[in-house]
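First comes the structure, then the notes that go with it.
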Amino acid sequence: MADRRAEENVVSGQPIQKTIADFDPAPKPKRNKYAFACAMLASMTSILLGYDIGVMSGAAIYIKDDLHVSDVQIEVLVGILNLYCLIGSAAAGRTSDWIGRRYTIVLAGAIFFAGALLMGFATNYSFLMFGRFVAGVGVGYALMIAPVYTAEVSPASSRGFLTSFPEVFINAGILLGYISNWAFSKLALNLGWRLMLGVGAIPSVFLALGVLAMPESPRWLVMQGRLGDAKRVLDRTSDSMEESKLRLADIKEAAGIPEHCNEDVVQVPKRSHGEDVWKELILRPTPAIRHILIAAVGIHFFQQASGIDAVVLYSPRIFKKAGIKAKDKLLLATIAVGSVKTVFILVATFHLDRIGRRPLLLTSVAGMIASLGCLGFSLTIIDHSDEKIMWALVLSITMVLFYVAFFSIGMGPITWVYSSEIFPLKLRAQGCSIGVAVNRVVSGIISMTFISLYEAITIGGAFFLFAGIAAVGWVFFYTMLPETRGRTLEDMEVLFGKFHKWKEANALLKNKQVDPNSNGNDTASGGQVQLGTKGQD
36 MADRRAEENV VSGQPIQKTI ADFDPAPKPK RNKYAFACAM LASMTSILLG
86 YDIGVMSGAA IYIKDDLHVS DVQIEVLVGI LNLYCLIGSA AAGRTSDWIG
136 RRYTIVLAGA IFFAGALLMG FATNYSFLMF GRFVAGVGVG YALMIAPVYT
186 AEVSPASSRG FLTSFPEVFI NAGILLGYIS NWAFSKLALN LGWRLMLGVG
236 AIPSVFLALG VLAMPESPRW LVMQGRLGDA KRVLDRTSDS MEESKLRLAD
286 IKEAAGIPEH CNEDVVQVPK RSHGEDVWKE LILRPTPAIR HILIAAVGIH
336 FFQQASGIDA VVLYSPRIFK KAGIKAKDKL LLATIAVGSV KTVFILVATF
386 HLDRIGRRPL LLTSVAGMIA SLGCLGFSLT IIDHSDEKIM WALVLSITMV
436 LFYVAFFSIG MGPITWVYSS EIFPLKLRAQ GCSIGVAVNR VVSGIISMTF
486 ISLYEAITIG GAFFLFAGIA AVGWVFFYTM LPETRGRTLE DMEVLFGKFH
536 KWKEANALLK NKQVDPNSNG NDTASGGQVQ LGTKGQD
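One point on numbering: in the working numbering, the residue at position 442 of the sequence shown is 477, and numbering is uninterrupted.
Pasting the structure below:
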């Protein structure tokens, strides 16, 4: 504020007079309510995945009894949706570049709606698997597009807060799925699980209606040469008009549009619908792009390889192993898991932009390692005892709750926030789809093999294995992932590229934020202002 007043005085020819108020810190901008509403509507797509994960954990108990299927068939049924997601996430990048982010969200909801109805009316195992296939494609679309749209519409000052919304809604969906299991568990065996799965179609209807109130992504609009439409969206989703102009200039530069082109509709030098992106992303990446890709793939891999879906999908089996036998008590215990997960994801959401990505992520993974180790220990004690050991039972339940709590304060939301904000504009849709693909493949492998795994190495051994994987993940995050809090999306190619020496690039960006010879009237390197970098680590 002081710099702007000083600049105005120079232009008007008046002497520069500074008051005590000029030295006050800039007031923190209020959260943009319009950007908040857009992010919330887009992120509702993630309820679809969350509900399916939560409801299948309980429905599988009744499906096994009703359709008389084996444990292996249950493993496949529960986990196969994650592999079906690959089709949706692979297609979503190209689709969203072609028809836009907004209508891709509508498409995701429509596909899942059809899949949920098919599962609800399934008469046998094969019919149920076909419904899983259709729903999985819809979930794949939703998982990719929600974080991308939210990152592109959010101002830098609250991007972490808003981009964590998809994980918030995944957790809300999981909790709704657990509640649905408990609510329909008293019905007839052949009706209860079908209603559990079928009512999943309801959220997709509200999603399709809500998307009509959303604007298109300003970055996608610029890529299509629609600068007038992009400017109107940026004016409404930025914290100030100055930020709106800076964001538009950054996006134009990234899209290759000359700075002097300010018409409402311009010709983009090379209209992008995803052409040549894969070549630049995988075959001939720059060091910065290679580092970004490794970081995105790594964080998605370790999120799932550390066992979160094993805990969420098979929590009734874990609690049964711990000593809880009654089905209604098992389902109530899973509701406790869903509640803790949802509450702690809200804690993370409000601290992502205050504390930063790295501190939350490293704290989260350290807590997960400790929780998994203690859970493995308590389940091993129970496994080797013929009597019910109450302290081990209490420790098992407590460690499951601690594990999902630690996961939710960092690893859960930051995976989606981080991977959606680090890719450059041209590569963002396809880059995020690669991350989602890795996420779903690993999740599918874990969920389709967990029963076989714990039968082979004991259930305690399975959680010791997850703890070891999480420990490797902590080392990877500490060495390879730079802090991105407050950086503009166009900063990322400078921040990445030095791999484990990323702190050098971080220092370079800090030094270039303000040119000491510019008297505050010039912006950072390349004429760009770095937004929200106060307190950057």
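Positions of the beta carbon are idealized from the N, C-alpha and C atoms, including for glycine.
Residue range 463 to 492 is occupied by the alpha helix (DSSP H) that includes ILE486. Sixteen is the threshold: when 16 or more other Cβ atoms of the shown chains lie within 10 Å of the Cβ of HIS335, as they do, the residue is buried. In the structure shown, THR321 falls within a coil segment according to DSSP collapsed to helix, strand and coil. Look at the beta carbons and you see the segment 416 to 425 not touching the segment 279 to 288: under three pairs across the two are nearer than 8 Å. Fewer than three pairs of CB atoms, one per stretch, sit closer than 8 Å, so the segment 102 to 111 makes no contact with the segment 350 to 365. Boundaries of the alpha helix (DSSP H) harbouring GLN108: 106 to 134, taken from the DSSP string.
The criterion of a C-beta distance shorter than 8 Å is not satisfied by ALA177 and GLY166.
With distances taken between CA atoms, THR139 lies nearest to SER239 out of THR493, SER239, LYS99 and ARG389.
Cβ-Cβ distances below 6 Å link ILE237 to nothing in the same chain once the five nearest sequence neighbours on each side are left out. In the three-state scheme derived from DSSP, where H, G and I count as helix and E and B as strand, CYS296 is classed as coil. Cβ contact annotation for ILE122 (same chain, cutoff 8 Å, sequence separation greater than five): GLY171, VAL172 and GLY175, in chain order. Straight-line measurement puts the Cα of ARG319 at about 34 Å from the Cα of ASP299. Two segments are said to touch when three or more pairs of C-beta atoms, one from each, lie closer than 8 Å; by this definition the segment 436 to 446 touches the segment 372 to 388. Contact between the segment 210 to 217 and the segment 80 to 89 is present: three or more C-beta pairs spanning the two stretches fall below 8 Å.
For GLU202, the enclosing alpha helix (DSSP H) covers residues 200 to 219. Out of LYS68, CYS409, CYS120 and SER131, the CA that lies nearest to the CA of GLN259 is found in SER131.
Here DSSP, grouped into helix, strand and coil, assigns TYR453 to helix. Of the candidates PHE511, THR369, LEU118 and GLN338, GLN338 places its Cα closest to the Cα of THR450.
Burial is judged here by how many other beta carbons sit within 10 angstroms of a residue's own beta carbon; THR514 has fewer than 16 and is exposed. Listed in chain order, the non-local C-beta contacts of ALA94 below 7 Å within the same chain comprise ASN216, TRP228, MET231 and LEU232, local neighbours out to five positions each way being set aside.
Put simply, the backbone Cα of LEU365 is about 42 Å away from that of ASN67. Sequence-distant Cβ neighbours of LEU256 in its own chain, meaning closer than 6 Å and more than five residues away, are ASP264 and ALA265. Counting of Cβ neighbours within 10 angstroms places ASP363 among the exposed residues, the total staying below 16. Contact check for ALA74 against THR185 passes: the beta carbons are separated by less than 8 Å. A straight line joining the alpha-carbon of ALA497 with that of LEU328 spans about 29 Å.
The residue from VAL246, VAL507, THR493 and VAL90 with its alpha-carbon nearest to that of GLY333 is VAL507.
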